[in-house]
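>
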Amino acid sequence: MASNLNRILYAGLVFAQVFTFCAYVVVSAGAALLQKKANTLALFNGLNEADTKATIQVYNDVFQSTTYIVPYPQRPQYQFQYQWFIIQFELFVFLITASITVFPAAIHRVRPVALTFIASALVLVLDNINGIWFLLRSDLAKAVFDDYRIATAQAGLIMVGVANGLTIIFLGLYDGQEATAVPLSGKEDVAAHVRV
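Quick note on numbering: UniProt numbering labels position 144 of the sequence shown as 144, and the sequence is numbered without any gaps.
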């Protein structure tokens with residue numbers, strides 16, 4: 001019974017890792033779309049000093065309201081640096097969880113570290129989902145960065161959040177001491193049953 005449950009949990013873990021990879025691709029594409037727009041943003045070109053000052057104030061108000069996106073009205077290429085940090089951190093976490101999915105014998109030892117990192121990554125993702133929702137409700141943000149770019153990043157973040165949640169569930173419930181062979185193969189390592 002326990003072995004069958006472990007096979008189901010392992011299959012769920014494999015699915016979660018594949019879904020995480022897909023989510024990582026989508027969120028990276030969304031961030032790249034936003035970054036491309038930020039790199040070529042000409043929002044303040046041709047404005048006089050008074051109009052520039054007024055526009056910067058509104059721009060700052062919109063992005064500071066998200067809490068997680070720091071506005072750089074004069075240097076917008078730095079606008080999404082925090083989002084890129086989260087994407088890089090998610091890649092680090094994915095490499096850990098994917099590695100122990102491929103080598104399940106390491107799950108028992110590495111699981112506490114992996115779950116700690118993935119739980120902290122999930123909090124960052126949820127905070128950013130909230131920030132991006134604000135942008136999707138802002139006409140100014142959609143006019144400046146295009147709503148499809150913001151929506152793509154948001155879709156990727158939601159996918160990453162779901163993938164992180166699935167990984168936490170399946171990795172947390174998997175019995176790493178029960179088998180050291182890949183459970184889906186039906187082969188179990190006898191040494192795994194020997195408690196040292």
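All C-beta atoms, glycine included, are put in the ideal place defined by N, C-alpha and C. All of these numbers come straight from a predicted model, not from anything done at the bench.
Can the beta-carbon of residue 114 be found closer than 8 Å to that of residue 26?
No; because the gap between Cβ atoms is not below 8 Å, this pair is not in contact.
> Sorry if obvious, but does the Cβ on residue 107 come closer than 7 Å to a heavy atom of the ligand COA?
Of the ligands one can find in the structure shown there are none, so the ligand COA has no counterpart to examine.
> Excluding the 5 residues preceding and the 5 following residue 14 in the sequence, name in chain order all residues of the same chain whose CB lies nearer than 7 Å to its CB.
Once the five neighbours on either side are set aside, the close Cβ partners of residue 14 are 101.
> Is the segment 28-37 touching the segment 78-94 in the sense that three or more CB pairs, one from each, lie closer than 8 Å?
They touch, by the three-pair rule.
> With three or more C-beta pairs closer than 8 Å as the rule, is the segment 1-10 touching the segment 131-138?
Judged by Cβ distances under 8 Å, the segment 131-138 makes no contact with the segment 1-10, as fewer than three pairs qualify.
> Give me the Cα-Cα distance between residue 158 and residue 145, rounded to the nearest whole angstrom.
Distance between the alpha carbons of residue 158 and residue 145 is about 19 Å.
> Can you list the alpha helix (DSSP H) stretches of 4 or more residues lying completely in the segment 79-148, in chain order?
Qualifying alpha helix (DSSP H) stretches, in chain order: 81-102, 107-136, 139-145.
> At the level of alpha carbons, what is the spacing between residue 151 and residue 39?
When rounded, the distance between both Cα atoms is 19 Å.
> Beta-carbon separation of residue 17 and residue 98 under 8 Å?
Yes, they are a contact pair.
> Would you mind sorting residue 125 into buried or exposed? The rule is 16 or more other CB atoms within 10 Å of its CB.
With 16 or more Cβ atoms within 10 Å of its Cβ, residue 125 is classed as buried.
> Enumerate, from N- to C-terminal direction, the unbroken alpha helix (DSSP H) stretches of 4 or more residues contained entirely within the segment 5-50.
Runs found: none.
> How is residue 61 classed by DSSP in three states: helix, strand or coil?
DSSP places residue 61 in helix when its eight states are reduced to three.
> My output table needs one value for residue 176: the three-state DSSP class, helix, strand or coil.
Here residue 176 sits in coil by DSSP.
> Within 10 angstroms of its Cβ, does residue 148 collect 16 or more other Cβ (buried), or is it exposed?
Under this definition residue 148 is an exposed residue.
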